Amino acid sequence: MEFQVKALERSGLGDETYMSPAILKNPPVQTMKEARAEAELVMFTVVDELFEKTKTRPKDIGVLVVNCGLFNPTPSLSAMIINHYKMRGNILSFNIGGMGCSAGIISLDLANDMLQATGSTYALVVSMENITTSFYTGNKKSMLLPNCFFRLGGAAILLSNKRKDRRRAKYQLTHIVRTHKGADDKSFKSIYQEEDENMVKGLSLSPDLVEVAGDAIKTNITTLGPLVLPLSEHLLFLMTLFCKKVLRKKEMKPYIPDFKLAFEHFCIHTGGKWVLEEMQKNLELSEKHVEPSKMTLHRFGNTSSSSIWYELAYLEAKGRVKRGDRLWQIAFGSGFKCNSAVWKALRTVKKPKANNPWLDCIDAYPVEVPDFQRIN
Numbered sequence: 001m002e003f004q005v006k007a008l009e010r011s012g013l014g015d016e017t018y019m020s021p022a023i024l025k026n027p028p029v030q031t032m033k034e035a036r037a038e039a040e041l042v043m044f045t046v047v048d049e050l051f052e053k054t055k056t057r058p059k060d061i062g063v064l065v066v067n068c069g070l071f072n073p074t075p076s077l078s079a080m081i082i083n084h085y086k087m088r089g090n091i092l093s094f095n096i097g098g099m100g101c102s103a104g105i106i107s108l109d110l111a112n113d114m115l116q117a118t119g120s121t122y123a124l125v126v127s128m129e130n131i132t133t134s135f136y137t138g139n140k141k142s143m144l145l146p147n148c149f150f151r152l153g154g155a156a157i158l159l160s161n162k163r164k165d166r167r168r169a170k171y172q173l174t175h176i177v178r179t180h181k182g183a184d185d186k187s188f189k190s191i192y193q194e195e196d197e198n199m200v201k202g203l204s205l206s207p208d209l210v211e212v213a214g215d216a217i218k219t220n221i222t223t224l225g226p227l228v229l230p231l232s233e234h235l236l237f238l239m240t241l242f243c244k245k246v247l248r249k250k251e252m253k254p255y256i257p258d259f260k261l262a263f264e265h266f267c268i269h270t271g272g273k274w275v276l277e278e279m280q281k282n283l284e285l286s287e288k289h290v291e292p293s294k295m296t297l298h299r300f301g302n303t304s305s306s307s308i309w310y311e312l313a314y315l316e317a318k319g320r321v322k323r324g325d326r327l328w329q330i331a332f333g334s335g336f337k338c339n340s341a342v343w344k345a346l347r348t349v350k351k352p353k354a355n356n357p358w359l360d361c362i363d364a365y366p367v368e369v370p371d372f373q374r375i376n
């Protein structure tokens, strides 16, 4: 408990994040019944709000993709949604498990591929994690850390390939870049579900995680750069490369492209305070650029694959998304994987009056997040 308190005091999380009701019981109740109840609470809440917001009916959905890393029951989570909403029998349904915090973009990619391969229809993507099954009750420090950061949350996203929907759609998906480092043993074992010496199951974080994450992020960004950066940045990069390789100027620092020329908004997965600070430093981003990520970590914690959608909701609640703006979502997680999605705003997004997780507190943000906050 002392170790977890110390980690929480430096985590960047506020005191209004959400935890599974089953874990708040004394002692925690980690049964299939409680895990299903948590999954239903999250999934049905976000899908209900999406249907209300978009005026879409369950029978309009032709493709369903659900991702959850650590809870994969039978029948599947996607089947639970189909049963609850009585969706049509010919729906193309997919359930993605074990793919960690970057799985939301993997789900997007799959839904996008299915929309390109099918006729006029809608795709529903649901991203979430399950705290009831993933909470660790042992004493191994490397397995206690996830308890300090992961919190309850979820998101539902509606995609369309219907030409008429361009008039009402908020964003257009322009690029998805996926990076998988699973062939490397250190990367593969950096986030690993296992039992401790007392046979208590949990998620273990290896000492190599920071190095592994940095390598995956670097590869992903290097792949994304040529797709989104202006020509001037390409030329500067080539000039630097020429000086280092041909002119042998080894003391010359590698050129870091200015991604602020490619994007107006950044949604960086809330993997932890140190992750956001390193991304801000290496990409030379301002406090304004990382504000959605830092405030999401403070208000909601690490909600795994759905965190990038809480960040987008923050931007919308602040009224910052204008027509033509370009937005970069980047997420990383077990495997080790790093994935990016790039969006273009098709219209200026008005401040929402309902169905936004920030509505009850947006006027109080941004807040000052101290490096250390004592917990009594």
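Here the UniProt record's numbering is used: the first residue of the sequence shown is 1, the next is one more, and so on.
Ideal Cβ placement from N, Cα and C applies to all residues, glycine included.
Small disclaimer: the values here were computed from a predicted structure and weren't measured.
State the beta-bridge partners of residue i as determined by DSSP.
i	result
T179	C338
S160	Y122
F266	W328
I61	Y122
G214	Looking at the DSSP assignment, G214 forms no beta bridge with any residue, so it has no partner.
L92	V63
G333	K337
In the DSSP assignment, find the alpha helix (DSSP H) that holds residue i and state where it starts and stops.
i	result
I81	77-85
L346	Here L346 belongs to no alpha helix (DSSP H), and DSSP marks it neither H nor E.
Q4	2-9
Q280	273-282
A313	307-317
I131	131-134
Please state whether DSSP places residue i in a helix, a strand or coil.
i	result
T174	strand
M43	helix
L124	strand
R326	strand
S190	coil
G100	helix
G154	strand
N139	coil
N147	helix
G225	helix
C68	strand
E195	strand
I23	coil
A354	coil
F372	coil
E16	coil
D48	helix
C243	helix
T219	helix
D258	coil
L359	coil
A364	helix
K55	coil
Go through its chain and collect everything with a Cβ distance to residue i's Cβ below 6 Å, but skip five positions before and after it.
i	result
Y365	M295
L209	S190
F259	L283
Q280	V290
In angstroms with no decimal places, state the Cα-to-Cα distance between residue i and residue j.
i	j	result
A155	S134	19 Å
E73	T132	Note on identity: in this sequence residue 73 is Pro, with Glu being the wrong assignment. Whole-angstrom Cα-Cα distance: 13 Å.
G98	R374	34 Å
E49	V321	21 Å
G100	V65	15 Å
L224	E311	20 Å
G119	V126	21 Å
R151	Q30	15 Å
E277	M87	43 Å
S206	S102	18 Å
H298	G12	6 Å
R167	P352	18 Å
S160	A354	22 Å
D165	Y171	11 Å
F336	S187	5 Å
T174	V342	6 Å
S305	Q329	11 Å
S334	Y192	8 Å
Is any heavy atom in the ligand SAH found nearer than 7 Å to the beta carbon of residue i?
i	result
D113	In the structure on display, the ligand SAH does not appear, and there are no ligands present to speak of.
Can you give me the Cβ contacts of residue i inside the same chain, cut-off strictly under 7 Å, excluding the 5 residues immediately before and after it?
i	result
L8	C148, I375
Y314	P292, M295, T296, W358
M110	The residue you asked about is not Met; residue 110 is Leu in the sequence shown. Cβ within range, chain order: V65, F94.
D196	G138, K140, M143, G202
N198	G138
Q4	L144, N147, C148
Quick check on the DSSP output: the beta strand (DSSP E) that includes residue i runs from which residue to which?
i	result
R299	Element bounds for R299: not the beta strand (DSSP E) but the alpha helix (DSSP H), 287-300.
S204	201-205
Keeping to the same chain, check which residues put their C-beta closer than 8 Å to that of residue i; ignore five residues upstream and five downstream.
i	result
T219	T179, K181, C338
K162	S120, T121, Y122
Can you find a CB in chain B that lies within less than 8 Å of the CB of residue i?
i	result
A22	The structure shown contains no chain B; it is built from a single protein chain.
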